[in-house]
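Trainee:
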Amino acid sequence: MMTHDGGLRLQLQRVFRARRPVVFRALTEPLELTKWWGPDGFVITSVESDLRPGGGYRIAMQPPEGDLFYLVGEFLEVDPPARLSYTFRWEDPDPEDRETVVTLSLRDIGGTRAELAISQGDFATERRQALHEEGWTQSLNKLEELMSSAAPA
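In this note's numbering, the protein residues as written are 10 to 162.
#1: Could you check how far apart the C-beta atoms of ARG34 and ALA123 are, in whole angstroms? I think they sit under 8 Å.
#2: Is HIS13 buried or exposed, if buried means 16 or more other CB atoms sit within 10 Å of its CB?
#3: Does the Cβ-Cβ distance between LEU152 and ARG23 come in under 9 Å?
#4: Could you tell me the distance, in whole angstroms, from the CA atom of THR96 to the CA atom of GLY50?
#5: To which residues does DSSP link THR96 through a beta bridge?
#6: Exposed or buried, ALA159, counting other C-beta atoms within 10 Å across all chains shown (16 or more means buried)?
#7: Check whether the region 126–142 and the region 98–117 are in contact - that is, three or more C-beta pairs closer than 8 Å.
#8: When we look at the beta-carbon of GLY75 and count the other beta-carbons within 10 Å, is it buried (16 or more) or exposed?
#9: If SER58 sits next to PRO89, beta carbons under 8 Å apart, how far is it from one beta carbon to the other, in whole angstroms?
#10: Start and end of the alpha helix (DSSP H) containing GLU83?
#11: Should THR146 go down as buried or exposed, given a rule of 16 or more other Cβ atoms within 10 Å for buried?
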């Protein structure tokens, strides 16, 4: 999706069968992130996080085939359970990559569900935007499955 200034941005929304605090924890706690983060087939081997504005994070990702690589960034805004914003960049980035900003916003729906809105950008190329959209979609599918299995029937 394009922004008004012509930059390439990604916008996604997802509804979970859980309240905002539960979803926020899944988005921020290292042990929870290892359960769902990353595209299908990827394993998160470690998550380091200093969850505060100005604090950093580093996520080690192991693809099904290939070498371990790292996602790093800095937290810009931490407002539990409503909002989280951080920079996103790969260590040893692809030439088409550049640092982006991710903003996650949560709102309660009907008391037992939460809507997550994700905004990320600006991307250097449509190909990198599509790669991130695929990764987020697969990750959110896993998170949705976790939230649904944990939700009372």
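Think of the CB as a built atom: it goes at the ideal place given N, C-alpha and C, for glycine as much as any other residue.
Just so you know, these numbers come straight off a predicted model, no measurement behind them.
Mentor: Short version:
#1: By one-based count along the sequence shown, residue 34 stands at place 25. By one-based count along the sequence shown, residue 123 stands at place 114. So it is not a contact: roughly 11 Å between Cβ atoms.
#2: Along the sequence shown, read from residue 1 onward, the residue named residue 13 stands at position 4. Since pLDDT at HIS13 reaches only 39, below the 50 mark, its modelled position is unreliable, and no value is offered.
#3: Position 143 of the sequence shown holds residue 152. Position 14 of the sequence shown holds residue 23. Their beta carbons are under 9 Å apart, which means LEU152 touches ARG23 by this criterion.
#4: Counted from its first residue, the sequence shown places residue 96 at position 87. Counted from its first residue, the sequence shown places residue 50 at position 41. Each residue's alpha carbon lies about 24 Å from the other.
#5: For this step, residue 96 is matched to residue 87 along the sequence shown. Answer is VAL110.
#6: Walking along the sequence shown from the start, residue 159 turns up at place 150. Exposed, by the Cβ-count rule.
#7: yes
#8: Against the sequence shown, residue 75 aligns to sequence position 66. GLY75 should be labelled exposed.
#9: Start at 1 with the first residue of the sequence shown, and residue 58 comes out as number 49. Start at 1 with the first residue of the sequence shown, and residue 89 comes out as number 80. Actually they are not in contact, since the Cβ atoms of SER58 and PRO89 sit about 13 Å apart, beyond 8 Å.
#10: Against the sequence shown, residue 83 aligns to sequence position 74. No alpha helix (DSSP H) holds GLU83; the beta strand (DSSP E) holding it covers 78–88.
#11: In the sequence shown, the residue the question calls residue 146 occupies position 137. Classification of THR146: exposed, given that the 10 Å Cβ count is below 16.
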